[in-house]
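Visitor:
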Amino acid sequence: MATPKRSLRERAVEGVVFSGGMASIVLVALIFLFVLKEALPLLKDYPLSRFLTDRGWQPTLAPPEGPWFGLLPNVWGSFLVTAGAVVLSVPLALSTAVFTSEVAPSWLRDMLKPLVELLALVPSVAIGFVGAVAINPLVKDLFGLDTGKSAIAGSIMLAFMAAPTIATIAEDAINAVPRSFRDGSLALGATRWQGISGIVLPAAKPGILAAVMLGVGRAVGETMVVIMVTGNAGVLPDKGIWYAFTHSVRTITGTIGAEALEVANGEPHYRALFMLGVVLFTITFVLNAIAHYSLGKGDRRAQA
Amino acid sequence: MCHVCRFGPALVAVGCIALAGCVAPPKEGSAGAESATLSVKGSDTMVQLAQAWAEAFMKARPDVRVSVTGGGSNTGFTALISKGADVANASRAIKPEETESAARKGVTPKEFVVAQDALSVIVNKANPITELTLAQLKDIYTAKVTNWKDVGGSDTPIVLNARESSSGTSTFFQEHVLGKGVPYAATAMLQPATSQIVAGVAEDAGAIGYVGLGYLNGSVKAVRLKKDAASDAVAPSIDNVVNGTYALARPLFEYTNGEPAGAVKIWLDWVRGPEGQAIVKKLDFVPAQ
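So the sequence lines, in the order shown, correspond to chains A and B.
So for the first sequence, the numbering used here puts the first residue at 377; every next one is plus one.
So for the second sequence, the numbering used here puts the first residue at 46; every next one is plus one.
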């Protein structure tokens, strides 16, 4: 059927699409290699065991005591703020997704969906400013703290940022569940809620998991907001989890964001920041891989 | 991925290229239409001062354009060494390592004292504390003391505010209060700018922080400092810096690459002259002697 001319054009288009796709892969690989190349010489000055186990991050502390490039307080801060954001945002985002896709009348859905997507577009520096001016004092009064600059304030702001991402992707996953599943459960005498909770949500589970992972990825990588609201104290938990939540933390992104522009190219501090970059890259890569894997699983099951 | 570390080198590169293009000194002899651009970068403590200088200076010398950026003393030295700035502002003296790394890049930093400052310790206005010894201040910032009642105040937990590691003020405070090589308490919140320390201390009843003299305002209370338990408590003020009684008095510097010439020389002469020093006074810093 295909004339030679058309197949030529198709091949050209194919080539463009292919090289475009490859370019992004190559680009990501190159960025990772660059970050790795800048990071690894750190290990000559600062052994890996110390980077992984030191409890402090004080890059300008004078020798012989310093400097300290401890990964732990940074990772702990990122973990705590992100975990809090997940706990706060997932129920909110999933309720939004279920409501817009299953419950809301179509005119309301048409209004809500763009609004939720708009929320994902608010610049993070604006969210951070709102956090510093409004949420920090609120958190301080609510929990009776000494200062509002705390992990929980960061979690609340990141939940705001992650929720729209999770809600829109989860909603797509729920919409992708075939109509026949819902009809079938109704025909068997199940109520609408039984249908949603027992049939539709389990069928959409891989997509929902992927949505959560992408939301987590957004929260882990966020920089501006956490610098503005968490106070940036590089502490490790020694007084329990609630104490840690209501006190200041320092995140990987916060450290990189606050210090990257000040360091001289090639000095150990510069290498250490790139090392944090490697860790952050690895974390987001794993999260994306989990999201991708669970989406793939969902596709296979839908085809079966 | 972190945005800053990916774009950081690119930004620096762009900055260098831009400078290389602009700073070409107006050497063509007499015909006077050329204009020079001067980039002044560094200390966050000095950024308001440097901006005020730049504004007045450009009125006096419309042929020289001056751009001022903050970011911290480290940022200024880093820029001077990588030739990303013509003048580095610093609230601390250059470190030997920095001089070495400058020498490797063919840069010879030259130091000028352009003003003086009293590094002021501030607390919330509701805090009954009015004076502290340097030893107490050290105990507070190393978390040996975590409640105001242990230094004679009310029963309130202490909230520590310090500056990020890019800050010369942070380094100065560390060297002169904690001691060289003594770490800050991990619980110290590292604020990216002086204004955020003032805002945090005004907000939190148990907070303490340190800022340049020019940043004191009605929203916070400056503590009088005692060199030791026996000495007099001295308030941070211009007079007490001049008469040498304030414990945390410090010079504020500008550094240039080698002996200043062209626009850099015009700038430094002006800054250290009567007009520049009048502005130092106006912004509540202490003139260089």
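C-beta atoms are modelled at their ideal positions from N, C-alpha and C, and glycine is treated no differently.
What residues in its chain sit with their C-beta under 6 Å from that of E209/B, if we drop five residues either side in the sequence?
Guide: Indexing the second sequence from 1 puts residue 209/B at position 164. Only L235 and P237 meet the Cβ criterion.
Visitor: Taking C-beta pairs closer than 8 Å, name the residues in chain E that E441/A reaches, listed in chain order.
Guide: The structure shown contains no chain E; its protein chains are A and B.
Visitor: Closer than 8 Å: is that where the CB of S88/B sits relative to any heavy atom of the ligand MG?
Guide: What this structure holds is no ligand at all, so the ligand MG is not there to describe.
Visitor: Alpha carbon to alpha carbon, how far is N288/B from P332/B? Give it in angstroms, no decimals.
Guide: For the purposes of this step, residue 332/B is taken as the residue at position 287 of the second sequence. For the purposes of this step, residue 288/B is taken as the residue at position 243 of the second sequence. In a straight line, the C-alpha of P332/B is about 13 Å away from that of N288/B.
Visitor: Using a beta-carbon distance cut-off of less than 8 Å, what residues from the region 125-138 of chain B approach chain A?
Guide: Here the close residues are I126 and S127.
Visitor: When you compare the CB of E143/B with every CB in chain A, is at least one pair closer than 9 Å?
Guide: Reading the second sequence from its first residue, position 98 is the one you call residue 143/B. Closer than 9 Å: yes.
Visitor: If you measure from the beta carbon of N551/A to each beta carbon in chain B, is any gap under 9 Å?
Guide: Numbered from 1 along the first sequence, position 175 holds the residue referred to as residue 551/A. So, not an interface residue.
Visitor: Can you list, in chain order, the residues of its chain whose CB lies under 6 Å from that of N192/B, leaving out five sequence neighbours each side?
Guide: Within the second sequence, numbered from 1, the residue matching residue 192/B stands at position 147. Contacts found: P202.
Visitor: Identify each residue in the region 258-280 of chain B for which the Cβ-Cβ distance to at least one residue of chain A is less than 7 Å, and report them in chain order.
Guide: Hits within the stretch: zero.
Visitor: Under a three-way DSSP split, which group does D277/B fall into?
Guide: For this step, residue 277/B is matched to residue 232 along the second sequence. It is coil, neither helix nor strand.
Visitor: Which word fits H645/A, buried or exposed, when buried means at least 16 other C-beta atoms lie within 10 angstroms of its C-beta?
Guide: Within the first sequence, numbered from 1, the residue matching residue 645/A stands at position 269. Classification for H645/A: buried.
Visitor: Taking Cβ-Cβ distances shorter than 9 Å, what residues in chain A pair up with A252/B?
Guide: Residue mapping note: residue 252/B aligns to position 207 of the second sequence, counting from 1. The answer, in chain order, is D522 and T523.
Visitor: Enumerated in chain order, which unbroken segments of the beta strand (DSSP E) with a length of 3 residues or greater are wholly contained in the region 130-203 of chain B?
Guide: Correct list: 132-135, 154-163, 165-168 and 176-178.
Visitor: In chain order, what residues of the same chain have a beta carbon less than 7 Å from the beta carbon of A69/B, not counting five sequence neighbours either side?
Guide: For the purposes of this step, residue 69/B is taken as the residue at position 24 of the second sequence. Residue confidence is low: A69/B scores 40 on pLDDT, short of 50, so the model does not pin down where it sits. Its coordinate-derived value is still stated next. Cβ neighbours of A69/B beyond the five flanking positions: none.
Visitor: In chain B, which residues lie less than 7 Å from N608/A when you measure between Cβ atoms?
Guide: By 1-based counting over the first sequence, the position of residue 608/A is 232. Those within 7 Å of N608/A in chain B are M234 and L235.
Visitor: My guess is that W433/A and G610/A are in contact by the Cβ rule of under 8 Å, so how many angstroms apart are they, rounded?
Guide: Here residue 433/A refers to the residue found at position 57 of the first sequence. Here residue 610/A refers to the residue found at position 234 of the first sequence. Confirmed, about 4 Å.
Visitor: Does the Cβ of A118/B have 16 or more other Cβ atoms within 10 Å, making it buried, or fewer, making it exposed?
Guide: Taking the second sequence and counting its residues from 1, one reaches residue 118/B at position 73. It is worth fixing the name first, because residue 118/B is Ser in this sequence and not Ala. Flag for S118/B reads buried.
Visitor: Taking buried to mean at least 16 other C-beta atoms within 10 Å of its own C-beta, is L258/B buried or exposed?
Guide: Stepping through the second sequence from its first residue, residue 258/B is reached at position 213. Buried: at least 16 other Cβ atoms inside 10 Å.
Visitor: Counting C-beta neighbours from all protein chains within 10 Å, is the total for R647/A 16 or more, i.e. buried, or is it exposed?
Guide: Here the question's residue 647/A lines up with position 271 in the first sequence. Burial call: buried.
Visitor: At the level of alpha carbons, what is the spacing between I575/A and F557/A?
Guide: Position 199 of the first sequence holds residue 575/A. Position 181 of the first sequence holds residue 557/A. Roughly 7 Å separates the two Cα atoms.
Visitor: Kindly confirm or deny that the region 113-127 of chain B and the region 272-284 of chain B touch, where touching means at least three C-beta pairs closer than 8 Å.
Guide: No: the two stretches stay apart, fewer than three of their Cβ pairs being nearer than 8 Å.
Visitor: Could you name the residues of chain A that G117/B contacts, counting a contact when the two beta carbons are closer than 8 Å?
Guide: Along the second sequence, one-based indexing puts residue 117/B at 72. E638, listed in chain order.
Visitor: By DSSP, does M681/A sit in helix, in strand, or in coil?
Guide: Outside the displayed range of chain A (377 to 680) lies residue 681/A, so it cannot be described from this structure.
Visitor: Would you give the residue range spanned by the alpha helix (DSSP H) that Y619/A belongs to?
Guide: Looking up residue 619/A in the first sequence gives position 243. Unbroken alpha helix (DSSP H) run through Y619/A: I617 to F621.
Visitor: With 8 Å as the C-beta to C-beta threshold (strictly closer), list the residues of the region 237-250 of chain B near chain A in chain order.
Guide: Residues passing the 8 Å Cβ filter: P237, G245, E248, D249 and A250.
Visitor: DSSP on P332/B, reduced to helix/strand/coil?
Guide: Numbered from its first residue, the second sequence carries residue 332/B at position 287. Of the three classes helix, strand and coil, the one that applies to P332/B here is strand, per DSSP.
Visitor: Let me know the alpha helix (DSSP H) ranges lying completely inside the region 483-549 of chain A, each 4 residues or longer, listed in chain order.
Guide: 500-506 and 512-519, all fully within the region 483-549 of chain A.
Visitor: Quick one: residues in its chain with C-beta nearer than 7 Å to the C-beta of F536/A, no 5 flanking neighbours on either side, listed in chain order?
Guide: Taking the first residue of the first sequence as position 1, residue 536/A is located at position 160. The residues are I503.
Visitor: With distances taken Cα to Cα, identify the nearest neighbour of D127/B among I528/A, L637/A and T472/A.
Guide: Residue 127/B sits at position 82 when you count from the first residue of the second sequence. What sits at residue 127/B in the sequence shown is Ser, not Asp. Comparing Cα positions, the closest option is L637/A.
Visitor: Contact check, L585/A vs S670/A under 8 Å by CB: the rounded distance?
Guide: Start at 1 with the first residue of the first sequence, and residue 585/A comes out as number 209. Start at 1 with the first residue of the first sequence, and residue 670/A comes out as number 294. That pair is a contact at about 4 Å.
Visitor: Rounded to whole angstroms, what is the Cα-Cα separation between E220/B and S165/B?
Guide: The residue you call residue 220/B lines up with position 175 of the second sequence. The residue you call residue 165/B lines up with position 120 of the second sequence. Going from the Cα of E220/B to the Cα of S165/B covers about 15 Å.
Visitor: Looking only at DSSP bridge pairs, what is F445/A linked to?
Guide: For this step, residue 445/A is matched to residue 69 along the first sequence. Paired residues: W433/A.
Visitor: Does the beta carbon of G432/A come closer than 9 Å to any beta carbon on chain B?
Guide: Here residue 432/A corresponds to residue number 56 of the first sequence, with the count starting at 1. With 9 Å as the cut-off, G432/A counts as an interface residue toward chain B.
Visitor: Mapping DSSP to helix, strand and coil, what is T214/B?
Guide: Looking up residue 214/B in the second sequence gives position 169. Residue state, collapsed to three classes: helix.
Visitor: Quick check: the Cα distance between M533/A and K581/A, rounded to an integer number of angstroms?
Guide: Within the first sequence, residue 533/A is the residue found at index 157, counting from 1. Within the first sequence, residue 581/A is the residue found at index 205, counting from 1. If you take the alpha carbons of M533/A and K581/A, they lie about 26 Å apart.
Visitor: Within the 9 Å Cβ cut-off, does V611/A reach chain B?
Guide: For this step, residue 611/A is matched to residue 235 along the first sequence. So yes, V611/A belongs to the interface.
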